[in-house]
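*Asks:*
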Amino acid sequence: MGVETFILVSVIKIVIALAVLLTAVAYSVWLERKVVGHMQNRWGPTRVGPFGLLQPLADGLKFIFKEDLTPPHVYRPLYIAAPMLALIFALTSIAVVPVGNWVSVAGVHTPLQITDVNIGLLIILGVTSLGVYGVALAGWSSNNKYSLLGGLRASAQMVSYEIALGLSLVGVLIMAGSFSLRDIVDAQGGHFWGFIPRWNIFQGQIVAFFVYLMAAYAETNRVPFDLPEAETELVAGYHTEYSSMKFAMFFMAEYANMITVACLASLLFLGGWHGPLFGPPMLQAVLPLFWFGLRIFAFIFIYIWVRGTLPRFRYDQLMAFGWKFLLPLAMANLVVTALVVALRS
Amino acid sequence: MRLWLIPILPLLGAAINGLFGRRFSRQLVALVALGFCGAAFAWALWAAAKLSGGSYSETIAPWIRAGAFQVNFSFYLDHLSLVMLLVVTGVGFLIHVYSVGYMWEEGGFYRFFCYLNLFMFFMLTLVLGGNYLLMFIGWEGVGLASYLLIGFWFTRDSAASAGKKAFIVNRVGDFGFLIALFLMIRHFGSLNFDQVFGMASRMNPETAGAGLLTTIGLLLMVGACGKSAQIPLYVWLPDAMEGPTPVSALIHAATMVTAGVYMVARSHAIFERAPMALTVVAVIGTLTALFAATIGVCQTDIKKVLAYSTISQLGYMFLACGVAAFSAGIFHLMTHAFFKGLLFLAAGSVIHSIGGEQDMRKMGGLRKKIPVTFWTMTAATFAIAGFPPFAGFFSKDEILWRAYQVSWAYWLIGVFTAFLTAFYMFRLWFLTFFGEYRGEEPRAHGEHGHGGIHESPRVMLVPLVILAGLSIAGGWVGIPGSLGGGNQFERFVGPVFHAAIPAGGGEHGRETARQEREAEGSEPETNAGTELMFTGISVSAALLGLLLSWWLYCKRTELPGRIARAVDGFYEAVLHKYYVDELYAILFVKPLIDGSSKILWQGIDRGVIDATLDNSADGAREVSDTIRHMQSGNLRSYAGWVAAGAAGVIVYMIWIGVR
Amino acid sequence: MLHLILFLAFGAVCVAGAVNLLVQRHPINSALSLVVVMGSLAVEYLLLGAEFVAAVQIIVYAGAIMVLFVFVIMLLNAGEEEYSNKSRVAHVVGIPGVLIGCVLIGWVLVERSHTEAVAVGALPGAPKDIGWLLFHDYLLPFEVTSILVLIAIMGAVVLAGRPEPVQQSKKES
Amino acid sequence: MVPLSYYLVLSGILFACGVTGFLIKRNLITIFMSIELMLNGVNLSFVAFAAHWHALSGQVFVFFVMVVAAAESAVGLAIIIAVFRTRETLNVDQVNLLKL
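Residue numbers (the numbering used here), protein chains in the order written: chain A, 1 to 345; chain B, 346 to 1004; chain C, 1005 to 1177; chain D, 1178 to 1277.
(1) Going along chain C, which residues have a C-beta under 8 Å from residue 1203 of chain D?
(2) In chain order, which beta strand (DSSP E) runs of at least 3 residues are fully inside the region 58-146 of chain A?
(3) Could you check whether the region 1100-1114 of chain C touches the region 1185-1193 of chain D, counting it as contact only if at least three pairs of C-beta atoms, one from each stretch, sit closer than 8 Å?
(4) Between the region 129-153 of chain A and chain C, which residues of the former have CB atoms less than 8 Å from a CB of the latter, in chain order?
(5) When DSSP builds the beta bridges, which residues end up paired with residue 420 of chain B?
(6) For residue 638 of chain B, I'd like the list of residues in its chain whose CB is within less than 8 Å of its CB, leaving aside the five on either flank, ordered along the chain.
(7) Leaving out the 5 sequence neighbours to the left and right, which residues in its chain are closer than 8 Å to residue 367 of chain B when beta-carbon positions are compared?
(8) Considering only residues of the same chain and omitting the five flanking positions on each side of residue 833 of chain B, which have a CB-CB separation below 7 Å?
(9) What did DSSP end up calling residue 196 of chain A once you bin it into helix, strand or coil?
(10) Is it right to say residue 282 of chain A is buried, meaning 16 or more other beta carbons lie within 10 angstroms of its own, or is it exposed?
(11) Just to confirm the assignment: which complete alpha helix (DSSP H) runs, minimum length 4, are found wholly within the region 359-402 of chain B?
(12) Mind pulling the chain B residues with CB within less than 7 Å of residue 1098 of chain C?
(13) For residue 677 of chain B, tell me which candidate among B:748, B:472, B:581 and B:665 has the shortest Cα-Cα distance.
(14) How many Å lie between residue 1181 of chain D and residue 1043 of chain C at the Cα?
(15) Under three-state DSSP, which class holds residue 867 of chain B?
(16) What are the partner residues of residue 704 of chain B, as DSSP defines its beta bridges?
(17) Give the secondary structure of residue 845 of chain B by DSSP, where H, G and I count as helix, E and B as strand, and everything else as coil.
(18) Spell out the partners DSSP gives residue 1268 of chain D in its beta bridges.
(19) Counting pairs of beta carbons, one from the region 187-207 of chain A and one from the region 308-315 of chain A, are three or more of them closer than 8 Å?
(20) So, does the CB of residue 156 of chain A fall closer than 8 Å to a CB anywhere in chain C?
(21) Would you say residue 588 of chain B and residue 659 of chain B are within 8 Å of each other, going by their C-beta atoms?
(22) Answer yes or no: do residue 171 of chain A and residue 334 of chain A have a C-beta to C-beta separation smaller than 8 Å?
(23) From the DSSP output, in three-state form, read off residue 498 of chain B for me.
(24) Grab the span of the alpha helix (DSSP H) containing residue 825 of chain B for me, first residue to last.
(25) Do the region 703-711 of chain B and the region 835-845 of chain B meet, that is, are 3 or more Cβ pairs less than 8 Å apart?
(26) Using the Cα positions of residue 100 of chain A and residue 209 of chain A, report the straight-line distance between them to the nearest angstrom.
(27) Give a yes or no on contact between the region 427-438 of chain B and the region 453-473 of chain B, applying the rule of three or more CB pairs nearer than 8 Å.
(28) The ligand ZN and residue 673 of chain B: does the residue's C-beta get closer than 7 Å to at least one heavy atom of that ligand?
(29) Please tell me whether residue 1140 of chain C has its Cβ less than 8 Å away from any Cβ of chain D.
(30) Cβ atoms of residue 663 of chain B and residue 819 of chain B: under 8 Å apart, would you say?
(31) Please determine, among A:179, A:84, A:137 and A:215, the residue with the shortest C-alpha to C-alpha distance to residue 96 of chain A.
(32) Measuring only between beta-carbons, confirm whether residue 1060 of chain C sits less than 8 Å from chain D.
(33) Could you tell me whether the region 1060-1077 of chain C touches the region 960-968 of chain B, using the rule of 3 or more Cβ pairs below 8 Å?
(34) Who are residue 415 of chain B's beta bridge partners in DSSP?
(35) Could you work out which residues of chain B lie near residue 1108 of chain C, taking near to mean beta carbons separated by less than 7 Å?
(36) Residues of the region 172-189 of chain A with a CB closer than 7 Å to any CB of chain C: list them in chain order, please.
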C-alpha cells in the first residue's frame, strides 16, 4: 500500500468516522430527550419530523443562528479556545477506537479503525485526560464565579475519577496482555461451554466494569455526578457565559465523550463487536458493526436511564465516593485479578 | 576451680545494688550485699579446701595481645594469696555485717553497700590477679572505691577533700607502680607473675649499685608507699578517717592498705635480688613505724589514733619484708587485720554509742555502759600491744626477732615503737573506758529515739565478738619454735617464697636467700635462748607502755598536761604531726596550684587555647557577617548563585575533558 | 527525511512553547504553553520509539500535573505577574551563568558532534519490556518511589488542608 | 534519521529555558513550571540516550523522573497554597523572610 493510498484511505476513514460520530451525538441528544420524556410521562420532541426525528437538525440550526455573545470581562483567547479544545479532545479519541474487523474494499485491506496503535488504550486515556482543559479553562476565562466554581469542580472531579477509571482498566489489561484495543477485543472472542461469551465482564471483571461505569459518569460530568453544571447551584456551571456554537461545542463534546466512553466499555468489557454471525456474506460483514452499535446504544440508554432516575450528589459525597470507595474497590479488583492470573499461569 | 567467681560475685552485688538499690528496701539491700559477699567468702573457703599442690592458676580469656606481649584475664592462687583471700573475704564479710547495723540510719544505704561490694570486687581482683596488670586494675579500683567511700558523706567538705587527698596521693604511688610495670614489659616482655619471677630469679643479685631489679623494686615500693601509707606518702590515711567507721576498718586498716605489703611480698623474687631496694623497704618501714607511733601518742581523736597506729603497724610489716621475712610480714598482716579491724569496729561502736563523738577527751568511764564493746576492745588492745598469748604478740615478736638478725638498729627502733604502741593504745583504752565520763549527755542520738549511752545492736556486736576471738587466737597458728610451737603459718606460707625461686641459675650469689634459709633452718636450735630473751624484752616494753599510760591517764591525770607544757615545742610539733601536711602544702601543693593557675590556666588555657578559639570564632563571625548578605532570602538570587555554580562546574568538567 | 522534518517541526513547537512560557506574564498562559511543550515532547518520544513514555508523558504530565497547576492557578486566582525586581544577583550572576553554561555545552556538542543518527523507533519501548525492567531490575527503586508518592500525598494533604475548626469536641459531646 | 546531538541540543534549550525562567519569573507557580520544564528537558536527553545506546533503562529513568515530578508538584503546589494563604502574594520577591 503506497503512501498516497494510505493517506486517501485514512482521510476517507476520518471523514466517515466523524460523520457517524457527529450524527450519533446529535441523535443521542434526541434519544435522551425522548427517553427522559417518556420516563417523566410526557412525549419529548414530537413536532419536527416524525417522532421529532428532525429535532437535532433544528437544534443545530438554532445554535448556528443564535447571537454569539462575548461578555465584556472574559479572557478572550482562552474563552474562545476552551470550547474548541473540549470538542477537539472529545473527537480525537475516536481515532484509535476499532469498530470491527479488517475489511477489504476495492483491493485495499484495512481495519475498521482510523489507525491501529499498539498503545491505543493509553492514547484514549491521555486524550480524555486532556479534555479537562476545555472545561477548566472555560470556567476560568469566563471571569464569572459560577463558571469558575464549575471549572474547579470539573477539574478536581475529573482528575480524581481518572485514577479509579484507569485502575479499573488495569485488570482487563492484565487479562489481555496488551494496550492495543484490537488485541483486547480479540482476546474476548469465543464462548465458555459453547454459549457464554468470553467477554471480560464474564471473566470476573464485573467489579471493574462497575467501577468503570461509575467513574465514566463522573468523567463525562453526567448525572448523578454533573456537579460542574449543576443548574440549581451554579446556573449552568462552566458554560454559563457561553452561547450559540460555543455552547453547542461543549454540548457536542459531552455527548461525544459519552459515546467514546460507551465504545471503550464495549471494547474492554462487553466483547467489542463479537456476536452471532449469520446470513449471507454481506450481512456477515455488517453484523459486527451492528452488534457494536447495539452495545453503544445500550450503554447510552443506561446513561439516560440513570439520568432519569437518580438525584445529584453533593460535592463532598462525590469526592468521598471516588477516593474512599471506588479507588479501593478498583485496587482490590486489581490485586485479585493479578493473583488469579499469576496463579493460573 | 572457677576462681573468677570470687571477684565477680561482689561485682554482681554492687551492680544490683547500684542499679536498682534505690528502689529496694534496706533489708533487701543488706541481703544482696551480704549474700554476694558471703557467697564470695564461701567460695573462697571452698577454693581453699580444694587447693592442693601449693598453687593453682586459671586463664579465662586473652585480654591484650600485641606481638609477643600478651596479657590474659588469669587468676592465680597460692598460699600467699590464699591467706589474703581469706582475710579479705572473711574480715570483709564480718565488716559487711557490722555495717548493716552501723549504717542503718544513714541516707544512701544502698550506695554504701554498692561501694563496699565494689571495693570487695577490686580487692579480690588485686589479690587473685595472675599478672601485674590485673593486679594493677584491682590496685586502681580499690583506690577508686576508697575515694568513693571516704567521700561517702560528700556533702561534708572535709570528707570530699579527704577523698580527693587520698586519691591524689595514691596517684603518686600508682605512678611509680606504673613505671615499674613499663619497665617489666620493656625488659621481661611480660607481666605474668610466673614469667616475670622466673626471669628475675635467673638474674644475678644486684649487691652494689642500682640495676634494673633495684629500680623496679624501688618503683614498686613507691607504689606500695602510696597504697600502704608509708613515709612519705602516708598523709592521706589519717584524713581518710572522714569516711564511715566500717570503711576505716575494712579499707584503711584490714585490707586495702595492706595491699602494698602483699604486693611487695608477691614481688619477693625481685626484691630478693635487689638488696638495696630491700634495705630501703626496711628503713622506710622502720621509720614509718616509729614516726607514726610518736604522732599517735598525742592524737585525741579516737579514729586518728587508730589511723596512726595502722600506719605504724604497716611500717612493721614493711620492716618484715625489708628483712626478707615475708611470711612474718604476711603473718602480721593477718593478725593486724583481725585486731585493727576489731579496734576500728569497736571504736565505731563507741562512737555510735555516745552519739558520734570522736574526741577521747570527752569520753571516759564507758566500761560499764558498753560492756561487750569494752571487752572486745580490750582483747584487741592487748593484741596490738603484743601481750601473749594474743595474736599480735606472735606476729610482732616474729618480726622483731627477724629484724634483729639483720640489724640491731631495726630491732631497737622496733622495740621502742612497740613500747609507744602499747602506751598510746592503753592511753586510748584508759581515756575511753575508765575514769569519769567527760562528755555531755549525747543528744537523743539522731532520730532513733533511744537517748543516752547505749550498747550497739546485736548485728554490730556479733562481728566484734568473732573478731575478738580471732584477735586472741589468730596468732596461735604461728607460735614460734622457741615457745614450743611449730610455726605452722611459716610452714604454710613460707614455701611460696622459696618455691618461686627456681633451681636454675645464679645460686652462687643469692646472699639474701641463703641467709634467710640459714636463719630458718638453724634458728630453732641455735638461737632459741636468744629469741626467748628478746621476746621477754619486747613483752616488758609493752608492759612498760601499759604502766606508763596507767600512771599518766588513770592515776595522775594532771601529769600529761604538765609534761606537754614542759616540752612545749616538741609537743606542738608532734600534735601537729610534725607539720608534714604543712610542709607538703608549701613544697608541692602550693607550687602546683600556683603553677597550674598562673601558667597553665591563665597563660596557656586562657592565653593560647581560649584565645585561639575566641579569635577564630570572632574571625568566622566577621567573615560570615560580610558574606551573609548573600543569603538574602530571595529565591531567585539563590537560583542565580546555583546557575553560576553550575556554570563553574561545567567549565571545570570541560577543562578536564579538554586537558 | 520525514523523520527529520517531524523532529524539526515539533522541536520548533517545543522551543516556541518554552519561550512563550518565559514571555507570557499570566501564569495560565505559561501553564498552557508548558502543556504544549509536553505534548510536542511526547511526539519527540514517539519519534524515538518510546511509545509508552510518550503516552505516560501525556497522561501524567499533561493530564495530571499540569491540570493540577491550572487548578491551583484557578483556585488562587493568580493574576498577572508583577515586575518587581528585588534580586540583582539573579540578573547579574545567574543569567551570565546560564549563558556561559549554554555556550560551553553548545560548543562541546558542536566540537564532538555525534553524527550517529538515531533511527525512528530505534528502540521500541514496548510497555511490556518497560514493565519487565520496572518490576525486576528496578523493583526496589520502584517501591521506594511508591513510598515517596505516599509521603508526598500525605504532605500535600497536611500542607494544603485547612486547620480543623476548634469546636469539634463540642459536637461530639 | 536525526543525529543524537540534535536531541541533545533541543534538550539543552529546554533546560536553559527552564533555568532562565527560574531566574527571571516572579510568580511562584511559573517558577515551579520552569522546574518542570527543566525536568522535561532532561527526560528528552534520557530517552534520546536510551535510543542511542539501545538501553531501555533510560526510559525507565524517565518513568521515575515523572513519578518524582508528580510527587514534587503535589507537595510544591500545596506549599504554594499555604504560602498564598499566609502571605497573600505569589510574588517570589516578597516571600523572602527566610534569611539571616
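Glycine included, each C-beta is placed from N, C-alpha and C at the ideal position. Since the structure is predicted, the reported quantities are computational estimates derived from the model, not experimental observations.
*Replies:* According to the structure shown:
(1) Counting from 1 along the fourth sequence, the entry for residue 1203 of chain D is found at position 26. By Cβ distance, chain C contributes 1085, 1086, 1087 and 1088.
(2) DSSP runs (the beta strand (DSSP E)) wholly in the region 58-146 of chain A: 100-105 and 108-112.
(3) When Cβ pairs closer than 8 Å are counted between the two stretches, the region 1100-1114 of chain C is seen to touch the region 1185-1193 of chain D, the count reaching three or more.
(4) Flagged, chain order: 129, 130, 132, 133, 136, 137, 139, 140, 148, 151 and 152.
(5) For the purposes of this step, residue 420 of chain B is taken as the residue at position 75 of the second sequence. DSSP output for residue 420 of chain B lists B:403 and B:474 as bridge partner(s).
(6) The sequence position of residue 638 of chain B within the second sequence is 293, counting from 1. So the list reads 653, 654, 657, 762, 765, 766 and 769, once near-sequence residues are dropped.
(7) Here residue 367 of chain B refers to the residue found at position 22 of the second sequence. Counting only Cβ-Cβ distances below 8 Å, and skipping sequence neighbours, we find 455.
(8) Here residue 833 of chain B refers to the residue found at position 488 of the second sequence. The residues 822 and 823, in chain order, have a CB closer than 7 Å to that of residue 833 of chain B in the same chain once the five nearest residues on each side in sequence are set aside.
(9) Counted from its first residue, the first sequence places residue 196 of chain A at position 196. Residue 196 of chain A sits in a strand when the DSSP states are folded into three classes.
(10) Taking the first sequence and counting its residues from 1, one reaches residue 282 of chain A at position 282. Looking at its Cβ environment, which holds fewer than 16 other Cβ atoms inside 10 Å, residue 282 of chain A is exposed.
(11) The region 359-402 of chain B contains these whole alpha helix (DSSP H) runs: 371-395.
(12) In the third sequence, the residue the question calls residue 1098 of chain C occupies position 94. Against residue 1098 of chain C, the close residues of chain B are 984, 985, 988 and 989, in the order they occur along the chain (beta-carbon pairs closer than 7 Å).
(13) As a position in the second sequence, residue 677 of chain B is number 332, starting the count at 1. Among B:748, B:472, B:581 and B:665, the Cα nearest to that of residue 677 of chain B is on B:665.
(14) Within the fourth sequence, residue 1181 of chain D is the residue found at index 4, counting from 1. Within the third sequence, residue 1043 of chain C is the residue found at index 39, counting from 1. Our two residues, residue 1181 of chain D and residue 1043 of chain C, have alpha carbons roughly 21 Å apart in a direct line.
(15) The count along the second sequence starts at 1 and reaches residue 867 of chain B at position 522. For residue 867 of chain B, the pLDDT reaches just 44, beneath the cut-off of 50, and the residue's location in the model is therefore unreliable, although a value from the coordinates is still provided. Residue state for residue 867 of chain B is assigned as helix, using DSSP reduced to three classes.
(16) Residue mapping note: residue 704 of chain B aligns to position 359 of the second sequence, counting from 1. Note: residue 704 of chain B sits in a beta bridge opposite B:646.
(17) As a working note, residue 845 of chain B is residue 500 in the second sequence. Bear in mind that the predicted position of residue 845 of chain B carries a pLDDT of just 44, short of 50, making it unreliable; the figure below should be weighed with that in mind. DSSP places residue 845 of chain B in coil when its eight states are reduced to three.
(18) One-based indexing of the fourth sequence puts residue 1268 of chain D at position 91. Note: residue 1268 of chain D sits in a beta bridge opposite D:1204.
(19) By the Cβ test, the region 187-207 of chain A is not in contact with the region 308-315 of chain A, since fewer than three Cβ pairs between them sit closer than 8 Å.
(20) Numbered from its first residue, the first sequence carries residue 156 of chain A at position 156. Using a CB distance cut-off of 8 Å, residue 156 of chain A counts as an interface residue toward chain C.
(21) In the second sequence, the residue the question calls residue 588 of chain B occupies position 243. In the second sequence, the residue the question calls residue 659 of chain B occupies position 314. Not closer than 8 Å, so no.
(22) Position 171 of the first sequence, counting from 1, holds the residue named residue 171 of chain A. Position 334 of the first sequence, counting from 1, holds the residue named residue 334 of chain A. Between residue 171 of chain A and residue 334 of chain A, the gap from beta carbon to beta carbon is short of 8 Å.
(23) Translated into the one-based positions of the second sequence, residue 498 of chain B becomes position 153. Correct three-state label for residue 498 of chain B: coil.
(24) Walking along the second sequence from the start, residue 825 of chain B turns up at place 480. Unbroken run through residue 825 of chain B: none, as it is neither H nor E.
(25) No, because fewer than three Cβ pairs between the region 703-711 of chain B and the region 835-845 of chain B fall closer than 8 Å, the two stretches do not touch.
(26) Mapped onto the first sequence, residue 100 of chain A falls at position 100. Mapped onto the first sequence, residue 209 of chain A falls at position 209. Looking at the two C-alpha atoms, the distance is approximately 22 Å.
(27) The region 427-438 of chain B and the region 453-473 of chain B touch, with no fewer than 3 CB-CB distances between them shorter than 8 Å.
(28) The ligand ZN is absent from the structure shown, which contains no ligand whatsoever.
(29) Numbered from 1 along the third sequence, position 136 holds the residue referred to as residue 1140 of chain C. Taking Cβ atoms only, chain D never reaches closer than 8 Å to residue 1140 of chain C, which makes this a no.
(30) Here residue 819 of chain B is taken as the residue at index 474 of the second sequence, counted from 1. Here residue 663 of chain B is taken as the residue at index 318 of the second sequence, counted from 1. Going by C-beta atoms, residue 819 of chain B is not nearer than 8 Å to residue 663 of chain B.
(31) Position 96 of the first sequence holds residue 96 of chain A. Closest by alpha carbon: A:179.
(32) Indexing the third sequence from 1 puts residue 1060 of chain C at position 56. So yes, residue 1060 of chain C belongs to the interface.
(33) Under the 8 Å Cβ criterion, the region 1060-1077 of chain C does not count as touching the region 960-968 of chain B, having fewer than three qualifying pairs.
(34) Mapped onto the second sequence, residue 415 of chain B falls at position 70. BP columns for residue 415 of chain B point to B:410.
(35) Residue mapping note: residue 1108 of chain C aligns to position 104 of the third sequence, counting from 1. Listed along chain B, the residues sitting closer than 7 Å to residue 1108 of chain C by beta-carbon distance are 995, 996 and 999.
(36) Contact residues of the region 172-189 of chain A toward chain C are 179 (C-beta to C-beta distance below 7 Å).
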